[in-house]
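K.L.:
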Amino acid sequence: MEIENDVNICGKCGCEISFGTRYYSIVRNLEVFCKNPETEETEIEIDTSEEVISLCKSCGSVFNQNSLKVILEHLPIPGQETRN
Ligand SMILES: [Zn+2]
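Sequential numbering from 36 applies to the sequence shown in this note's numbering.
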């Protein structure tokens with residue numbers, strides 16, 4: 036993936052993620068579950084993929100299933116966006 040500017044910034048602590056440094060990339064994929072007609076195997080096809088946020092290794096290390104649960108609780112349900 037090409038990065039627009041030369042610097043990659045951690046979306047949580049704002050530190051600069053320099054070249055050669057490992058970091059976490061949180062990505063939102065639009066996928067479709069399908070069956071390959073030749074192999075009969077279930078496959079996942081990625082329609083679009085966009086990076087939501089980059090996190091440095093230490094910030095990303097605490098991003099897990101539990102953090103997602105908290106985030107999901109705060110996501111509005113479509114049609115009920117007035118909720119805070
Ligand atoms: Zn960070």
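Backbone N, C-alpha and C define an ideal beta-carbon position, used for all residues, glycine too.
Would the beta-carbon of VAL87 fall within 8 Å of that of ARG57?
P.N.:
Against the sequence shown, residue 87 aligns to sequence position 52. Against the sequence shown, residue 57 aligns to sequence position 22. Result no, Cβ atoms of VAL87 and ARG57 do not sit closer than 8 Å.
K.L.:
Check the Cβ-Cβ distances between ILE106 and every residue of chain D, and say whether any is below 8 Å.
P.N.:
Protein chain content of the structure displayed is limited to a single chain, and chain D is not contained in it.
K.L.:
With 16 as the cutoff for other CB atoms within 10 Å, does SER102 come out buried or exposed?
P.N.:
In the sequence shown, residue 102 corresponds to position 67, counting from 1. Exposed, since its Cβ has fewer than 16 Cβ neighbours within 10 Å.
K.L.:
Examine ligand 1 and report whether any of its heavy atoms sits within less than 7 Å of the Cβ of SER60.
P.N.:
Taking the sequence shown and counting its residues from 1, one reaches residue 60 at position 25. Not under cutoff, so the answer is no.
K.L.:
State the beta-bridge partners of PHE68 as determined by DSSP.
P.N.:
As a working mapping, residue 68 is identified with position 33 in the sequence shown. Note: PHE68 sits in a beta bridge opposite ILE79.
K.L.:
Three or more C-beta pairs closer than 8 Å, one from the region 41-56 and one from the region 64-78: is that the case here?
P.N.:
no
K.L.:
Determine the burial state of SER93: buried for a count of at least 16 other Cβ atoms within 10 Å of its Cβ, exposed for fewer.
P.N.:
Position 58 of the sequence shown, counted from the start, is the residue given in the question as residue 93. Classification for SER93: exposed.
K.L.:
Would you list the residues sitting across from SER93 in a DSSP beta bridge?
P.N.:
Numbered from 1 along the sequence shown, position 58 holds the residue referred to as residue 93. Paired residue(s): none; SER93 is not in a bridge.
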